[in-house]
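Take 18 as the starting number for the sequence shown in the working numbering and just add one per residue.
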Amino acid sequence: MPASTVPWYVHRPFQNHIEPMPTRAFIFLLICLLPLACTDSGTSTGAANDREAEPLNIEGSWRGVLRSPGGELPFGVEVSRQEDGYSAVIVNGDERVETSGVGVIGRRVVINFEWYDAEISARVAADGQSMTGHWRKTAAEEEDSTLPFTASRTQSFRFTPATERVFPAKDIGGRWAVTFTDDESSELAVGEFQQQGDRVLGTFLTPTGDYRYLEGDFVGSRLRLSTFDGAHAFLFTAELQADGSLLGDFYSRDTYHATWVGNRDPDASLPDAWTQVELSNQLGQFRFSFENIDGQLMTDQDPTLQGKARLIVLFGTWCPNCNDEAPVLVDWYDRYRAQGLEIVGLAFEYSGDIERDRQMLKRYRERHGIEFPLLLAGTSDKLDAAEVLPDIDKVLAYPTTIFVGRDGQVQGIHSGFAGPGTGEHYVELVTELEARIQAML
18 MPASTVPWYV HRPFQNHIEP MPTRAFIFLL ICLLPLACTD SGTSTGAAND REAEPLNIEG
78 SWRGVLRSPG GELPFGVEVS RQEDGYSAVI VNGDERVETS GVGVIGRRVV INFEWYDAEI
138 SARVAADGQS MTGHWRKTAA EEEDSTLPFT ASRTQSFRFT PATERVFPAK DIGGRWAVTF
198 TDDESSELAV GEFQQQGDRV LGTFLTPTGD YRYLEGDFVG SRLRLSTFDG AHAFLFTAEL
258 QADGSLLGDF YSRDTYHATW VGNRDPDASL PDAWTQVELS NQLGQFRFSF ENIDGQLMTD
318 QDPTLQGKAR LIVLFGTWCP NCNDEAPVLV DWYDRYRAQG LEIVGLAFEY SGDIERDRQM
378 LKRYRERHGI EFPLLLAGTS DKLDAAEVLP DIDKVLAYPT TIFVGRDGQV QGIHSGFAGP
438 GTGEHYVELV TELEARIQAM L
């Protein structure tokens, strides 16, 4: 299909093909944009005029903000002009998050994250200096997470304008022992922060992974950190207490809230990721039987797996640390497949809608260039996942990576994955896991 005939909202300038926008995403776009179109004149004439307006140049740097229940959740947006449209990346500190396409017609903009079934839809102001709209992401049970979105060209700060900054009296850089508490449970974590002036970068490591690249500031006694990747919108706030502890709140998307407390501790640590999940099969095997993306059944007895060292990975396309691990798995598969390594991904998705979940798996496979089998195993609820995997005692984290030797015996189960946002921890983990693969081969 020639580019000129492709609808504006599905154009993906840096990919080699065109895919239709998901139906529910298109419906959401119509719901969000049509009312906005009427605000110009109070009638639908405003929408028609807007569609016919001369396209605005949106190239450049923007300060994006989601209106979280905890306040502003800011992030950077870098928009570039291509020969056939625009592309965009989301900026969180040192992280650059790709988007799957940018559609522009007149003053309407859609920034798409198709691998997460998510998008930002907005209307650019007449002067081209700001935009207003919504972010939407399909969440569990086909419900949508939505947050109001604004962006401005003229603001280059993360949280606090230079004119309002109060230089912090203390430096919170270093390692912190942290406990997150919500209505149902508590979780131990380790906070690692780097501070330069009032700017703070860092992350929280947890027994199941990490909270990615966080960026923010420490002004006066107040800490604020945020990150956004199209699917995950995290906001952390805290106040430095008189005793030197941090007392704060954590907000995720539009619904989740937890409190947290942190105490500086250079020796803070997490439970051993190799001991959190145990094998319950007395024969030392891990069995599975699920359909692949094309609906074909694959089991642990598949001829392609016999005599091979295997990684069986429990993951979800919605999971940030699974998306961090995927490029590493692809690299290992490329380098070790000829020596006898096979990888199988068992996907646990949000919706339970088989066709929708298969579509998400296809996008995940395409995004990461995956050649090993991906099987649709069930829904993301960890209790439900454990029921369809009777050979392990529980599912604690996505991803969970099961190492199986050439003889079919399980040699280790690793819960979680520390992504590149954790710096040296990511490098150390990848090195450790690769050594396990080499030993199995």
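We put the beta carbon where it would ideally sit given N, CA and C, even for glycine.
These numbers come from a predicted model, not from an experiment.
Proximal residues to residue i (C-beta, below 8 Å), its chain only, five neighbours per side dropped
i	result
Thr-116	Ser-104, Ala-105, Val-106, Ile-107, Ile-128, Asn-129, Phe-130, Gly-247
Glu-69	Low per-residue confidence applies at Glu-69: pLDDT is 46, beneath 50, and the placement is therefore not dependable, though the value from the model is reported in the following sentence. Answer for Glu-69: Gly-123, listed in chain order.
Leu-328	Leu-346, Trp-349, Leu-358, Glu-359, Ile-360, Val-361, Thr-418, Ile-419, Phe-420, Val-421, Ile-454
Arg-239	Thr-254, Ala-255, Glu-256, Leu-257
Glu-451	Trp-349
Arg-382	Ile-310, Leu-391
Leu-322	Glu-359, Val-361
Ala-403	Ile-409, Asp-410, Lys-411, Val-412
Gly-265	Leu-240, Phe-253, Thr-254, Ala-255, Glu-256, Thr-276, Trp-277, Val-278, Gly-279
Contacts around residue i, its chain only, beta-carbon distance under 7 Å, and the 5 residues preceding and following it disregarded
i	result
Arg-281	Gly-191, Trp-193, Gly-261
Ala-275	Phe-197, Thr-198, Asp-199, Phe-267
Gly-386	Val-347
Asp-215	Arg-182, Phe-184, Pro-185, Asp-234, Phe-235, Val-236
Assigned secondary structure, residue i (DSSP; H/G/I helix, E/B strand, else coil)
i	result
Ala-478	This structure gives no information on residue 478, because the portion of the chain shown stretches from 18 to 458.
Gly-81	strand
Trp-335	coil
Leu-47	Caution is warranted here: a pLDDT of 47 is assigned to Leu-47, below 50, making its placement in the model unreliable, and the coordinate value is therefore given only provisionally. The answer is helix: DSSP assigns Leu-47 an H, G or I state.
His-274	strand
Val-195	strand
Leu-222	strand
Tyr-268	strand
Glu-76	coil
Leu-296	strand
Val-345	helix
Asp-284	coil
Glu-201	coil
Val-405	coil
Ala-452	helix
Leu-378	helix
Asp-111	coil
Leu-400	helix
Asp-246	coil
Leu-458	coil
Arg-384	helix
Ala-206	strand
Ala-290	coil
Ala-186	coil
Arg-423	coil
Asp-234	strand
Arg-352	helix
Residues bridged to residue i (per DSSP)
i	result
Thr-155	Asp-161
Pro-91	Val-82
Met-148	Val-141, Ala-168
Phe-176	Bridge partners of Phe-176: none, in fact.
Val-119	Tyr-103, Ile-128
Gly-440	DSSP output for Gly-440 lists no bridge partner at all.
Glu-181	Paired residue(s): none; Glu-181 is not in a bridge.
Phe-389	For Phe-389, which the question treats as bridged, DSSP gives no partner whatsoever.
His-431	Thr-418
Gln-302	In the DSSP output, where bridge partners are listed per residue, Gln-302 has none listed.
Gln-212	Val-217
Gly-395	Phe-365
Glu-372	According to DSSP, Glu-372 bridges with nothing at all.
Asn-309	Leu-392
Rounded distance between the beta-carbons of residue j and residue i, thought under 8 Å
i	j	result
Pro-337	Arg-175	With 8 Å as the limit, Pro-337 and Arg-175 do not qualify as a contact, their Cβ atoms being about 20 Å apart.
Gly-5	Ala-285	Since the displayed the chain opens at 18 and closes at 458, residue 5 lies outside it and no answer follows.
Lys-411	Val-294	6 Å
Val-94	Gly-81	5 Å
Asp-408	Leu-296	6 Å
Gly-208	Gly-219	7 Å
Pro-416	Glu-342	5 Å
Gly-118	Ile-137	With a Cβ gap of about 12 Å, Gly-118 and Ile-137 do not count as contacting.
Phe-245	Leu-406	Wrong, their Cβ atoms sit about 32 Å apart, outside the cutoff.
Val-225	Ala-414	Strictly speaking, residue 225 in this sequence is Thr, with Val absent from that position. With a Cβ gap of about 4 Å, Thr-225 and Ala-414 count as contacting.
Leu-205	Val-141	44 Å between Cβ atoms; not a contact.
Gly-279	Val-195	4 Å
Leu-242	Glu-232	7 Å
Heavy atom of the ligand MN within 7 Å of residue i beta-carbon
i	result
Leu-73	Summarising the ligand content, the structure contains no ligands, and the ligand MN is consequently not present.
Minimum Cβ-Cβ distance from residue i to chain D less than 8 Å
i	result
Val-236	This model lacks chain D altogether, as it is built from one protein chain only.
Cβ-based neighbour list, residue i, same chain, cut-off 6 Å, excluding 5 preceding and 5 following
i	result
Thr-177	Asp-234, Val-236
Val-183	Val-236, Gly-237
Glu-169	Note on residue identity: the sequence assigns Ser, not Glu, to residue 169. Correct list, in chain order: Arg-80, Ser-147.
Ser-97	Ser-104
Ser-269	Phe-251
- Task: Say whether the region 281–298 touches the region 415–434, bearing in mind that this needs 3 or more beta-carbon pairs closer than 8 Å, one atom from each stretch.
- Result: Yes: at least three Cβ pairs fall under 8 Å.
- Query: Using 8 Å as the Cβ pair cut-off and three pairs as the minimum, do the region 298–317 and the region 386–397 touch?
  - Reply: Yes: the two stretches touch, three or more of their Cβ pairs being nearer than 8 Å.
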